[in-house]
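*Asks:* Mind looking over this structure? Questions follow.
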Ligand code: GLV
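Residue numbers (the numbering used here): 8 to 328.
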């Protein structure tokens, strides 16, 4: 009796507990068991002959990657909802399917957007640093006043799944919601949120959350000129690296035009623009949007399910076209 060899699968990063339990019985999985990305050289060396690769946003999937993997490669399953690390046209040209992990990280990411909105508006980072510094302080009627969210209009740039989940949470704060998307949503999906042209949205948003995906069209969409359109004293939360120009954001904080800002992920991760780090009113967190145990298990599980579906001869559950 001959046994069919198990398809070789590369997993480019350690995944959450239990995620690989369904993969390892059916595939010969090689796991880069580390929280650090693979070096490019190690990645390219590990690719030849793989049938599937589970990638992260740090792994650039381009001609070089695809050529290194060779014709055995059937799917790149990105462990992220974003796909800006992947040259989709090159994958299509090589007949390689691409999947991502939409849906399962929506709530965790929307929760973090709210954590950041509250932290920026109510000066949580500054307050923490003050206490830990040991500097003297005293409660005072004028001490560390912040922006009250309740009833304040909320603008959302990018009303996809995550934007809609951010909007739903606004109901608890009594905040009227306006948004900008390339195309207005059907009324039942918009759930009372008002579509505005981008510049009008900016002008009407004392609080703005940016959740649109990074594409060639959205890179630095929120530049110095657009930041200037926000009302003076606005608070901005950026949930997608590359859409808000980080240098312009630091300048808008430095000039006092913005009251505060918060950023979850960065254009040149793991580096953070020193100009942003220098801003006391910037709340900066290391790409934590989807970082809960439940969500990371769901993202890993979906990446594995996409691989399993394709290895079994089917289509990915959540394909990227
Ligand atoms: C971002 O972290 C993503 O999942 O795309």
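In this text, a Cβ means the ideal position worked out from N, Cα and C, and glycines have one as well.
Being a predicted model, the structure only gives us computed values, none of them experimental.
Ignoring anything shorter than 3 residues, give me the beta strand (DSSP E) runs that lie fully in the region 12-74, in order along the chain.
*Replies:* Runs of the beta strand (DSSP E) inside the region 12-74: 15-18, 35-38, 59-62.
*Asks:* Residue range of the beta strand (DSSP E) that residue 105 falls in?
*Replies:* Residue 105 -> beta strand (DSSP E) spans 104-106.
*Asks:* In terms of DSSP beta bridges, what is residue 162 paired with?
*Replies:* Paired residue(s): 185, 215.
*Asks:* Is residue 43 buried or exposed, if buried means 16 or more other CB atoms sit within 10 Å of its CB?
*Replies:* Result: exposed.
*Asks:* Please return the same chain residues whose Cβ sits closer than 8 Å to the Cβ of residue 221, not counting the five positions on each side in sequence.
*Replies:* Contacts found: 89, 91, 247, 248, 249, 250.
*Asks:* Report yes if the CB atom of residue 160 is closer than 8 Å to the CB atom of residue 245, and no otherwise.
*Replies:* Not a contact, by the Cβ cut-off of 8 Å.
*Asks:* Taking only three categories from DSSP, how would you classify residue 265?
*Replies:* Looking at residue 265 - three-state DSSP - the assignment turns out to be strand.
*Asks:* If we count the other Cβ atoms within 10 Å of its Cβ and call it buried at 16 or more, is residue 139 buried or exposed?
*Replies:* Label assigned to residue 139: exposed.
*Asks:* Helix, strand or coil for residue 272 per DSSP?
*Replies:* Coil, per DSSP.
*Asks:* Would you say residue 14 and residue 35 are within 8 Å of each other, going by their C-beta atoms?
*Replies:* Taking 8 Å as the Cβ cut-off, residue 14 and residue 35 qualify as a contacting pair.
*Asks:* To the nearest whole angstrom, what separates the beta carbons of residue 164 and residue 215, a pair I think is in contact under 8 Å?
*Replies:* Correct: roughly 6 Å between the Cβ atoms.
*Asks:* Check for me: the alpha helix (DSSP H) holding residue 245 runs from which residue to which?
*Replies:* Taken as a continuous stretch (DSSP letters only), residue 245 belongs to no alpha helix (DSSP H), being part of the beta strand (DSSP E) at 241-245.
*Asks:* Which one of 87, 313, 285, 186 has the shortest CA to CA distance from residue 208?
*Replies:* Considering only alpha carbons, the answer is 186.
*Asks:* Under the three-state reduction of DSSP, which class applies to residue 92: helix, strand or coil?
*Replies:* Here residue 92 sits in coil by DSSP.
*Asks:* Hey, would you say residue 127 sits closer than 8 Å to residue 298, going by beta carbons?
*Replies:* The answer is no: Cβ separation not under 8 Å.
*Asks:* Hey, is residue 2 close to the ligand GLV, as in C-beta under 7 Å from one of its heavy atoms?
*Replies:* Residue numbering for the chain in the displayed model covers 8 to 328; residue 2 lies beyond these limits and cannot be assessed.
*Asks:* Please find out if some non-hydrogen atom of the ligand GLV comes closer than 7 Å to the beta-carbon of residue 92.
*Replies:* No, since every heavy atom of the ligand GLV falls outside the 7 Å radius drawn around the Cβ of residue 92.
*Asks:* Mind checking which residues open and close the beta strand (DSSP E) that includes residue 290?
*Replies:* 289-291 is the extent of the beta strand (DSSP E) around residue 290.
*Asks:* Assuming residue 73 and residue 39 form a contact by the criterion Cβ under 8 Å, report the distance between their Cβ atoms to the nearest whole angstrom.
*Replies:* So it is not a contact: roughly 19 Å between Cβ atoms.
*Asks:* In angstroms, rounded to a whole number, what distance separates the CA positions of residue 60 and residue 319?
*Replies:* For residue 60 and residue 319, the distance between alpha carbons rounds to 15 Å.
*Asks:* Assign residue 323 to one of two classes, buried (16 or more other C-beta atoms within 10 Å of its C-beta) or exposed (fewer than that).
*Replies:* Label assigned to residue 323: buried.
*Asks:* Rounded to whole angstroms, what's the CA-CA distance from residue 195 to residue 167? Just pull it up for me.
*Replies:* Rounded to whole angstroms, residue 195 to residue 167 spans 14 Å at the Cα level.
*Asks:* Identify the residues that DSSP records as bridge partners of residue 323: which are they?
*Replies:* Per DSSP, none; premise fails for residue 323.
*Asks:* Would you mind working out which of 193, 308, 243 sits nearest residue 290, comparing C-alpha positions?
*Replies:* The candidate whose alpha carbon is nearest that of residue 290 is 243.
*Asks:* Distance check for residue 280 and residue 254, CA to CA, integer angstroms please.
*Replies:* If you take the alpha carbons of residue 254 and residue 280, they lie about 7 Å apart.
*Asks:* Assuming residue 84 is part of the alpha helix (DSSP H), what are its boundary residues?
*Replies:* That residue, residue 84, is in no alpha helix (DSSP H); its beta strand (DSSP E) goes 82-85.
*Asks:* Cutting at 6 Å between CB atoms, please list the residues of its own chain near residue 270, excluding the five before and the five after it.
*Replies:* Once the five neighbours on either side are set aside, the close Cβ partners of residue 270 are 245, 291.
*Asks:* Checking the sheet assignment: what are the DSSP bridge partners for residue 202?
*Replies:* Its beta-bridge partners are 186.
*Asks:* To the nearest angstrom, how far is it from the Cα of residue 325 to the Cα of residue 109?
*Replies:* Approximately 7 Å between the Cα atoms of the pair.
*Asks:* Among 328, 312, 327, whose alpha-carbon lies nearest the alpha-carbon of residue 33?
*Replies:* For the residues 328, 312, 327, the minimum Cα distance to residue 33 belongs to 312.
*Asks:* Three-state secondary structure (DSSP) at residue 111?
*Replies:* Correct three-state label for residue 111: coil.
*Asks:* So, does the CB of residue 291 fall closer than 8 Å to a CB anywhere in chain B?
*Replies:* The question asks about chain B, but that chain is absent: this structure has only one protein chain.
*Asks:* Tell me which same chain residues have a C-beta within less than 7 Å of the C-beta of residue 136, skipping the five on either side of it?
*Replies:* Within the same chain, residue 136 has no close Cβ partners at all.
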